[in-house]
Amino acid sequence: MVITDLNIIKQCLVEEANIAFDRPDLIVNVEPFTSCLIGLVGEEWKRIRATLNPIFTSAKMKMVTQIIQNCADEMVEVLADLVQKGEIVDMATVTRGFSMDVITKSALAWQVDCQKNPTDPLLMGVQKVFEDVDNAVIVNAIRFPILRKILEWLYPYASYYKIINKITENVFNVVKLRRSGQSPRTTDMLQLMLDAQTSGEESSVGSGSNATVFEDRHLLSNCFLFLIAGFDTTASSLAFIMHVLAKYPEEQERVFNEITKAFPEGAELTYDGVQHLKRLDMVVCETLRLYPPVVLFVSRHCTQDTTVSGQFFPAGVNVLVPTWHVHHNPDFWPEPLKFDPERFSEGEKVQSAYFPFGLGPRVCIGKRFALLEVKLATCKIIRKYRVSKCEKTQDPLKFVVPSVVLNPENGIHVRLQKR
């Protein structure tokens with residue numbers, strides 16, 4: 000059942016979320032998908048979500064800011080090489096390398112050279128996973144659950160099966176080394192999860208409970224989730240930000256002036272400082288409205304007969320909220336195709352018509368991390384370069400279809416000029 004009424008959307012995804020609406024079944028019920036947040040339901044989901052929530056507090060985000068900054072610095076070096084050669088830059092390609100670098104170093108504890116080596120096996124393997132996910136068979140499996148059993152049967156034979164096993168095996172090896180003290184303690188997302196696991200076990204013992212709060216299967220699955228949920232979505236969002244800044248140079252200068260005022264030349268970016276960049280935040284929010292990362296639906300499964308604002312939902316029905324439609328609906332957004340950051344100025348209320356990361360208790364747990372990542376990267380780029388349209392810039396953009404994650408069909412081509 001597709002819903003577009005904002006009041007019903009809010010009630011289904013927020014107010015009634017813990018009563019009558021849960022996550023629908025996965026496309027394939029196999030590990031590492033079933034033990035991560037998008038695969039869990041009911042009380043187990045609540046327990047694991049509660050365990051992981053503290054990892055994404057402001058205090059914890061400050062701890063991993065340096066990892067993101069280091070990756071962003073390397074991205075700027077990659078851009079410098081391209082600029083020196085006089086090349087037009089495909090930001091979609093560059094941002095994929097950056098996003099992969101951040102995830103592998105922060106969540107997978109895997110040191111790879113995916114930014115300066117676009118043919119890195121891990122990068123190419125993960126890109127293959129997303130190509131497979133975006134094919135018509137997967138998209139139709141989302142629409143027609145009867146096809147999912149076929150996908151589960153084919154899963155061990157899929158081209159990406161080996162890369163998934165390689166990733167989870169590597170994470171488990173790192174975990175064993177850290178637990179044994181053979182590996183130096185590193186402040187990254189993986190370590191924060193290990194700390195959360197230890198805290199959960201101690202709480203369980205202290206309360207006399209026999210329930211294991213956060214098992215190894217949860218740890219490995221959620222490391223993999225950070226990869227599949229944070230790679231292409233963040234990469235495409237950053238590329239789209241570069242596209243709109245190239246398209247609207249006056250807006251780019253506003254962002255540049257705000258950044259340089261907060262961080263004069265030579266000043267190091269800080270977590271708190273970036274959070275206070277209001278114009279940048281408005282630009283990012285409006286970009287995510289125009290180009291939502293997950294373009295299909297926010298979906299929920301009705302667990303019991305319920306009535307919301309006069310609309311009856313029978314138990315067992317899947318509720319679908321079309322992200323693209325709501326984000327571009329003129330009833331909610333005047334001139335919806337216009338890029339207008341003022342929509343997100345202080346005092347403006349976007350209510351339930353804006354959900355690039357979902358809504359309610361199942362909102363993307365990595366939202367804060369993803370926004371920090373794109374904002375730090377944008378600051379690094381705009382401080383050093385003026386981004387402009389070029390002869391290869393496509394406007395309006397065309398998108399890959401069918402697709403789960405919104406991606407430009409022909410890349411995001413811009414020209415960079417050193418400031």
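All residue numbers for the sequence shown refer to the numbering used here, where the first residue is 0 and numbers rise by one.
Where a beta carbon is used, it is the ideal one built from N, C-alpha and C, also for glycine.
Distance from the Cα of Ser-298 is smallest, within the candidate group Lys-175, Leu-358, Cys-113 and Gly-199, for Leu-358. Under the criterion of beta carbons closer than 8 Å, Ile-54 and Ala-195 qualify as touching, at roughly 6 Å. Cα atoms of Lys-161 and Gln-114: separation of roughly 22 Å, rounded to the nearest angstrom. For Asn-328, the three-state secondary structure derived from DSSP is coil. Here Gly-315 is exposed. Its C-beta has fewer than 16 other C-beta atoms within 10 Å. Within a 10 Å sphere around the beta-carbon of Met-99 sit 16 or more other beta-carbons, which makes this residue buried. If you draw a straight line from the Cα of Pro-340 to the Cα of Glu-285, it is about 5 Å long.
In the three-state DSSP reduction, Asp-187 falls in the coil class, being neither helix nor strand. Going by beta carbons, Val-404 and Val-293 fall inside the 9 Å limit. When only Cα atoms are considered, Glu-15 and Val-243 end up about 36 Å apart.
Here Pro-355 carries a strand assignment [DSSP, helix/strand/coil]. In this chain, Tyr-270 is not harboured by any beta strand (DSSP E); it is covered by the alpha helix (DSSP H) spanning 270-274. DSSP places Gln-65 in the uninterrupted alpha helix (DSSP H) bounded by 57-83. By the CB criterion at 9 Å, Ser-236 and Val-282 fall outside the cutoff. Approximately 7 Å separates the beta-carbon atoms of Leu-193 and Val-174; this is inside 8 Å, confirming the contact. Selection Ser-105, Lys-417, Leu-375 and Leu-5 evaluated against Asn-221 yields Ser-105 as nearest (Cα-Cα). Between the alpha carbons of Thr-186 and Ala-108 lies a gap of roughly 10 Å.
By the C-beta density criterion, Ser-402 is buried, having at least 16 other C-beta atoms within 10 angstroms. Under the DSSP assignment, Ser-298 falls outside any alpha helix (DSSP H), being part of the beta strand (DSSP E) whose first and last residues are 296-301. Separation of Val-318 and Met-0 (C-alpha to C-alpha, rounded to the nearest whole angstrom) is 5 Å. The closest CA to that of Phe-331, considering only Glu-264, Pro-313, Phe-338 and Gln-350, is found on Gln-350. The beta carbon of Phe-230 is closer than 7 Å to those of Ser-98, Met-99, Ile-102 and Val-125 in its chain, skipping five residues each way along the sequence. Residue pairing by DSSP places Thr-305 opposite Phe-312 in a beta bridge.
Under the Cβ criterion (8 Å, minimum of three pairs), the region 83-90 counts as touching the region 406-418.
One alpha carbon belongs to Glu-43, the other to Arg-216, and they sit about 13 Å apart.
Shortest Cα-Cα distance from Asp-304 to any of Thr-3, Cys-11 and Ile-47 involves Cys-11.
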